[in-house]
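For the sequence shown, my numbering gives the first residue as 171, with consecutive numbering after it.
Virtual Cβ for every residue (Gly too), placed ideally from N, Cα, C.
Please read all numbers here as calculations on a predicted model, not as lab measurements.
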Amino acid sequence: MAKIYPLLGIPQPFDPTCRYTTSWLLPPFPLASLRLLLSVYAFATIFTVFGWDDAHHLAAAARQSFSYFTNLTYWGLAFYLLFGALHTFSYARTGQAWLRGWPRPLQAAHAVFYSTVVTFPFLVTLVFWAILYRDPWFPVVEEGWSNISQHALNSLFALVEVVLPRTSPPPPLHIVFLVILLACYLALAYITHATEGFYPYSFLDPSKGNGRVTGYCFGILIAICVIFGIAWGVIWLRNLATQKLGLEGKFVGQRRKADGLDVRERNVEVVELQEEPK
171 MAKIYPLLGI PQPFDPTCRY TTSWLLPPFP LASLRLLLSV YAFATIFTVF GWDDAHHLAA
231 AARQSFSYFT NLTYWGLAFY LLFGALHTFS YARTGQAWLR GWPRPLQAAH AVFYSTVVTF
291 PFLVTLVFWA ILYRDPWFPV VEEGWSNISQ HALNSLFALV EVVLPRTSPP PPLHIVFLVI
351 LLACYLALAY ITHATEGFYP YSFLDPSKGN GRVTGYCFGI LIAICVIFGI AWGVIWLRNL
411 ATQKLGLEGK FVGQRRKADG LDVRERNVEV VELQEEPK
């Protein structure tokens, strides 16, 4: 089992140069504050939509919300930003991210979680505006705002996580987990039809043609692979550009150069001690 962790982007020790909790542009505390602000907005959007539905006697819409991939990914984005903020606040206060003390399976889950955050929101935005949205614009202001928040600002929040932190490009193995999660959602969509009597997305309805459903599913599969590749490339280029420009990161406490990166002295010593027996 231990051999798979490096393939998942989980070295030993985990995240020795604090890439998840530092930025090439923002000091740790402002980065944590920004993540918290975005998380609060996302949660506020979710609960405002619930409140609106309840006030307008649309309780069924609230109950069915977890059948929609859009809503599931928005919950995921909100929680990632919240935990990212907590980890970053921990690093800003103590110089040691809370995440580094977690068991390795949870560290691996966090790494995969990051990969979903920098890919799924873009997929949601693409599918909604290219396939699902139809004119005219939403007649109710709340509907327009909620759709912009969940189908446009979601990608902006994901872009923040692509551009601002010092994270490394996601390991290629993570694409397997993304595909598995999409397959699980596909199963959920058909369970929803069996139990609730509706398809969350009309293009999943086989009565309109099995070939049509298959085409959409393969199209989404290709789209997530392309989005993953683009996200990987942008993160790689960001790291390359910031290193070339000497923007190696904003850190807490004593610093030292190591492998071209500005890192905490004690973190470097841990890496050296781990590698010395080799």
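Item, Value
"Residue range of the alpha helix (DSSP H) that includes Lys414", "Asn380 to Lys414"
"Per DSSP, cross-strand counterpart(s) of Ser203", "According to DSSP, Ser203 bridges with nothing at all."
"Counted within 10 angstroms of its Cβ, other Cβ atoms place Gln182 as buried (16 or more) or exposed", "exposed"
"Secondary structure of Pro335, DSSP reduced to three states", "strand"
"Residue range of the unbroken alpha helix (DSSP H) whose run includes Ser260", "Phe239 to Thr264"
"Residue closest to Ser237, alpha-carbon to alpha-carbon, out of Gly367, Ile390 and Glu418", "Gly367"
"Check whether Phe290 and Thr243 have beta carbons under 8 Å apart", "yes"
"Whole-Å CB distance - Ala300 paired with Leu247, under 8 Å assumed", "Rounded, the Cβ-Cβ distance is 20 Å, inconsistent with contact."
"At least three beta-carbon pairs within less than 8 Å, the region 407–419 to the region 294–308", "no"
"Which residues DSSP lists as bridging Ser193, in chain order", "Pro335"
"Residue of Leu323, Thr337, Trp245 and His321 minimising C-alpha distance to Gly403", "Thr337"
"Beta-carbon gap between Lys420 and Leu196 smaller than 8 Å", "yes"
"Whole-angstrom C-beta distance between Tyr250 and Val219, which should lie under 8 Å", "Contact doesn't hold; Cβ gap of about 19 Å is too wide."
"Three-way DSSP call (helix, strand, coil) for Glu418 in this model", "coil"
"Same chain, Cβ closer than 6 Å to Gln320, neighbours up to 5 away in sequence not counted", "Thr240 and Tyr244"
"Beta-carbon separation (whole angstroms), Tyr386 vs Phe373, contact threshold 8 Å", "4 Å"
"Pairwise C-alpha distance: Tyr360 and Tyr211", "31 Å"
"Cβ neighbours of Phe347 in the same chain (closer than 6 Å, five flanking residues each side left out)", "Val282"
"CA-to-CA distance, Asn324 to Arg382, given in whole angstroms", "28 Å"
"Whole-angstrom distance between Leu302 and Leu204, CA atom to CA atom", "31 Å"
"Coil, strand or helix - Leu178 by DSSP", "coil"
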